[in-house]
Amino acid sequence: MTNEDVKGDVPKGTKEAYEKVKYWMRRSTKWRKNCINMIASENIVSPAVKAALVSDFESRYAEGWPGKRYYQGAWMFDEIEIIGQDLVKRLFGSDFADLTPISGAVANLAALLGLTDYGDTIMSLSLANGAHITQTNIAAAGVLGLKSVYLPFDTEEMNIDEEAAKKMIVNTRPKLVIVAGSVYLFPHPVEGLREACNEVGAKMMYDGAHVAGLIAGNVFPNPLKQGCDVVTFSSHKTFPGPQGGMILYNNELDDEAKKRLKMATFPRLISNHHLHHVAGKAIAAAEMLEFGESYARQIVKNAKTLAAALYGEGIKVLGEKNGFTRSHQVLIDVREYGGGKKVVEDMERANLIASKQMLPWDDNPDNPSGIRLGTQEITRLGMKEGEMDQIGEFIKQVIDGKDPKGVKKEVEELKAGFNTVQYCFEPGEAYDYIDKILGGE
Ligand SMILES: Cc1ncc(COP(=O)(O)O)c(C=O)c1O
782 MTNEDVKGDV PKGTKEAYEK VKYWMRRSTK WRKNCINMIA SENIVSPAVK AALVSDFESR
842 YAEGWPGKRY YQGAWMFDEI EIIGQDLVKR LFGSDFADLT PISGAVANLA ALLGLTDYGD
902 TIMSLSLANG AHITQTNIAA AGVLGLKSVY LPFDTEEMNI DEEAAKKMIV NTRPKLVIVA
962 GSVYLFPHPV EGLREACNEV GAKMMYDGAH VAGLIAGNVF PNPLKQGCDV VTFSSHKTFP
1022 GPQGGMILYN NELDDEAKKR LKMATFPRLI SNHHLHHVAG KAIAAAEMLE FGESYARQIV
1082 KNAKTLAAAL YGEGIKVLGE KNGFTRSHQV LIDVREYGGG KKVVEDMERA NLIASKQMLP
1142 WDDNPDNPSG IRLGTQEITR LGMKEGEMDQ IGEFIKQVID GKDPKGVKKE VEELKAGFNT
1202 VQYCFEPGEA YDYIDKILGG E
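Under our numbering, residues 782 to 1222 are what the sequence shown spells out, in order.
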């Protein structure tokens, strides 16, 4: 079965519908336990973060900022949000940390709302070259009436074309330049672009949704230290927290921008933030301060090993010239095997979960040339280089047309040994809540 097989059966009776929802929750969770999950934007949370997500905070309101709430009963949560802000600031070396955004997309929308005005021109990568939709006029940038101009990209280097981009920034004179993105193998030339931004008075925003955990673990450059004004990120990709977003900036940012950024989250875009997620973000930040370096190092080692294994199998892996990757991502060009859509569907039948991916020359997101793999979740479950070699072989077998059922059996056998969340204070079984919370059977 794949996404293509959804029937959309809705039981007539309310109780039956209720049971059906519980059934799918149980079944999907049990299935994911048996899968090798390599969607580059996902991760798995520690038992302590899981506890935050089912705590009483899940039911509560605390509109506003710590010490200035619009509801009673929030003072213990205030203690948590203050600790969380402090941990995140320490982790990223920032002066301000806003933990309230309820997603990376909302963090981006808030940052754009704080840093730009209707009609301004901004620059970012295009979708095919790795931007997220929120950076483009399809989503947040378009919603706010911004004009998007796209930065030039060097497909051989798989990076922003620094010299061409600098010239373009100087000629375009944008209000804001956004770097980093969803397809992101190598660090972008932030310092060079900062110089060009300085020439024209443009601000720089870094969308670290994907690589926040790698920055926190010191294996990817810290954009605040490289001169970016604002950093946004998702709290659940390489940063292994609950789903959500965050915004960081430093004292040097002008007061007007600081004021507007703060207002952008509350009260302009979010009324009540998700308290249980803030508690989870605080726990994940503490875990990253303690274990982040070894976790991030292993993520990148695993991505490099997986890329080399696939390359060794004769598969076209992007970024070859620069060692394939320096992030958690591996990109492969699968045009000769039927394209990204076919390959990820075949992989799914073998319990290998990945996403199809537009590559720089593509214009059809529904059937792009590539697939994107991420190593952050399987690393958190303890996989190392040996397992990456095995996964490379599994993918090759699927691509070569081997019956997915046979591969699935081998995938399940391998995964059975890797269901304990690590790099946290209290490592524990990732899925032991299935019977407790979702019911046995
Ligand atoms: C670069 C980038 N920015 C923003 C987002 C949006 O984040 P979220 O899914 O947390 O809303 C994504 C999502 O994948 C992303 O890749």
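From the three backbone atoms N, C-alpha and C, an ideal C-beta is built for every residue, glycine too. Being a predicted model, the structure only gives us computed values, none of them experimental.
* Pull up the distance between the alpha-carbon of Ile-861 and that of Pro-847, whole angstroms please. => Position 80 of the sequence shown, counting from 1, holds the residue named residue 861. Position 66 of the sequence shown, counting from 1, holds the residue named residue 847. When rounded, the distance between both Cα atoms is 9 angstroms.
* Check whether the segment 891-907 touches the segment 1005-1020, counting contact only when three or more Cβ pairs, one atom from each stretch, lie closer than 8 angstroms. => yes
* Asked: Quick one: is the Cβ of Lys-1186 within less than 8 angstroms of any heavy atom of ligand 1?
  -> In the sequence shown, the residue the question calls residue 1186 occupies position 405. The answer is no for Lys-1186.
* In angstroms with no decimal places, state the Cα-to-Cα distance between Asp-1181 and Tyr-1118. => By 1-based counting over the sequence shown, the position of residue 1181 is 400. By 1-based counting over the sequence shown, the position of residue 1118 is 337. One C-alpha to the other measures close to 8 angstroms.
* Specify, as a first and last residue, the run of the alpha helix (DSSP H) that Lys-1177 falls within. => Numbered from its first residue, the sequence shown carries residue 1177 at position 396. Counting along the chain, the alpha helix (DSSP H) containing Lys-1177 begins and ends at 1166-1180.
* Closer than 8 angstroms: Gly-1061 CB and nearest ligand 1 heavy atom -> Position 280 of the sequence shown, counted from the start, is the residue given in the question as residue 1061. Outside the cutoff, so no.
* Going by other Cβ atoms of all chains shown within 10 Å of its Cβ, with 16 needed for buried, is Asp-1213 buried or exposed? -> Translated into positions along the sequence shown, residue 1213 becomes position 432. Classification for Asp-1213: exposed.
* Asked: In three-state terms, what does DSSP make of Ile-914?
  -> Counted from its first residue, the sequence shown places residue 914 at position 133. Ile-914: helix per DSSP, three-state reduction.
* Would you report the Cα separation of Met-1027 and Arg-871, rounded to the nearest angstrom? -> Counting from one through the sequence shown, the residue named residue 1027 turns up at place 246. Counting from one through the sequence shown, the residue named residue 871 turns up at place 90. Straight-line Cα distance between these residues: approximately 14 angstroms.
* Short check: CB of Pro-1149 to CB of Lys-1122, under 9 angstroms? -> Working through the sequence shown from its first residue, we reach residue 1149 at position 368. Working through the sequence shown from its first residue, we reach residue 1122 at position 341. Contact: yes.
* Distance CB(Asp-1087)-CB(Leu-1195) smaller than 9 angstroms -> For the purposes of this step, residue 1087 is taken as residue 306 along the sequence shown, with counting starting at 1. For the purposes of this step, residue 1195 is taken as residue 414 along the sequence shown, with counting starting at 1. For the record, residue 1087 in the displayed sequence is Leu; it is not Asp. Not a contact, by the Cβ cut-off of 9 angstroms.
* Asked: What are the start and end residues of the alpha helix (DSSP H) that includes Ala-892?
  -> Counted from its first residue, the sequence shown places residue 892 at position 111. Run containing Ala-892: 885-896, per the alpha helix (DSSP H) assignment.
* Asked: Is the beta carbon of Ile-820 less than 9 angstroms from the beta carbon of Ile-1113?
  -> Within the sequence shown, numbered from 1, the residue matching residue 820 stands at position 39. Within the sequence shown, numbered from 1, the residue matching residue 1113 stands at position 332. No, they are not a contact pair.
* **Heavy atoms of ligand 1 versus C-beta positions, residues under 6 angstroms** => Ser-822, Ser-884, Gly-885, Ala-886, Asn-889, His-913, Thr-915, Gly-962, Ser-963, Asp-988, Ala-990, His-991, Ser-1015 and Gly-1026
* Leaving out five residues before and five after Ala-878 in sequence, what residues of the same chain have Cβ atoms less than 6 angstroms from its Cβ? -> As a first step, residue 878 must be located in the sequence shown, where it is residue number 97. Correct list, in chain order: Gln-866, Val-869, Lys-870 and Leu-1029.
* To do: Please work out which residues of its chain come closer than 6 angstroms, Cβ to Cβ, to Gln-1079, disregarding the five sequence neighbours upstream and downstream, and give them in chain order.
  => Within the sequence shown, residue 1079 is the residue found at index 298, counting from 1. If we look at Gln-1079 and ignore the five residues flanking it on each side, its Cβ neighbours are Thr-1160.
* Any chance the CB of Ile-959 is under 8 angstroms from a heavy atom of ligand 2? -> Questions concerning ligand 2 fall outside what the structure shown contains, since the ligands it does hold are ligand 1.
* Per DSSP, what kind of secondary structure is Ser-907 in: helix, strand or coil? -> On the sequence shown, position 126 is the one that residue 907 refers to. Looking at Ser-907 - three-state DSSP - the assignment turns out to be coil, as it is neither helix nor strand.
* Which of helix, strand or coil does DSSP assign to Leu-925? -> Position 144 of the sequence shown, counting from 1, holds the residue named residue 925. Three-state result, Leu-925: coil.
* Asked: Hey, how far is the Cα of Asn-940 from the Cα of Val-1179?
  -> Along the sequence shown, read from residue 1 onward, the residue named residue 940 stands at position 159. Along the sequence shown, read from residue 1 onward, the residue named residue 1179 stands at position 398. Distance from the CA atom of Asn-940 to the CA atom of Val-1179, rounded to whole angstroms, is 30 angstroms.
* To do: Assign Glu-1071 to one of three DSSP states: helix, strand, or coil.
  => Mapped onto the sequence shown, residue 1071 falls at position 290. Glu-1071 falls in the helix class under three-state DSSP.
* **Contact the segment 1015-1022 vs the segment 808-827: 3+ CB pairs below 8 angstroms** => Here the segment 1015-1022 makes contact with the segment 808-827; the two share three or more CB pairs at distances below 8 angstroms.
* **Distance between Ile-959 and Val-951 (C-alpha atoms, nearest Å)** => Here residue 951 refers to the residue found at position 170 when the sequence shown is read from its first residue. Here residue 959 refers to the residue found at position 178 when the sequence shown is read from its first residue. So the alpha carbons of these two residues sit roughly 15 angstroms apart.
* Beta-bridge partners of Glu-1210, as assigned by DSSP -> Along the sequence shown, one-based indexing puts residue 1210 at 429. BP columns for Glu-1210 point to Thr-1201.
* **Local Cβ density within 10 Å of Pro-955, reported as buried at 16 or more and exposed below that** => Numbered from its first residue, the sequence shown carries residue 955 at position 174. Counting Cβ neighbours within 10 Å, Pro-955 comes out buried, since at least 16 surround it.
* Given His-1054 as reference, the closest of Ile-883, Leu-896, Lys-849 and Ala-1211 once Cα atoms are compared -> The residue labelled residue 1054 in the question sits at position 273 within the sequence shown. Taking only the C-alpha atoms, the option nearest His-1054 is Ile-883.
* Asked: With a cut-off of 8 angstroms, do at least 3 Cβ pairs link the segment 1038-1055 to the segment 904-913?
  -> no
* From Lys-1217 to Lys-1102, what distance separates their C-alpha atoms? -> For the purposes of this step, residue 1217 is taken as residue 436 along the sequence shown, with counting starting at 1. For the purposes of this step, residue 1102 is taken as residue 321 along the sequence shown, with counting starting at 1. Looking at the two C-alpha atoms, the distance is approximately 49 angstroms.
* Could you tell me if Ser-809 is buried or exposed, where buried requires 16 or more neighbouring beta carbons within 10 angstroms of its beta carbon? => Indexing the sequence shown from 1 puts residue 809 at position 28. It is exposed - the Cβ of Ser-809 has fewer than 16 other Cβ atoms within 10 Å.
* Asked: Got a sec? Which residues, its chain only, sit under 7 angstroms from Asn-815 by beta carbon, not counting five neighbours each side?
  -> Numbered from 1 along the sequence shown, position 34 holds the residue referred to as residue 815. Listed in chain order, the non-local C-beta contacts of Asn-815 below 7 angstroms within the same chain comprise Asn-1132, Glu-1193 and Lys-1196, local neighbours out to five positions each way being set aside.
* Give the secondary structure of Thr-768 by DSSP, where H, G and I count as helix, E and B as strand, and everything else as coil. => No answer is possible for residue 768: the residues shown for the chain start at 782 and end at 1222.
* **Backbone CA spacing between Ala-1038 and Asn-1032 [nearest angstrom]** => The residue given as residue 1038 occupies position 257 in the sequence shown. The residue given as residue 1032 occupies position 251 in the sequence shown. Distance between the alpha carbons of Ala-1038 and Asn-1032 is about 11 angstroms.
* Asked: The alpha helix (DSSP H) with Gln-866 in it runs from where to where?
  -> Position 85 of the sequence shown holds residue 866. Counting along the chain, the alpha helix (DSSP H) containing Gln-866 begins and ends at 856-873.
* Separation of Val-1188 from Glu-1207, as counted between CA atoms -> Mapped onto the sequence shown, residue 1207 falls at position 426. Mapped onto the sequence shown, residue 1188 falls at position 407. Across the structure, Glu-1207 and Val-1188 are spaced so that their CA atoms are roughly 33 angstroms apart.
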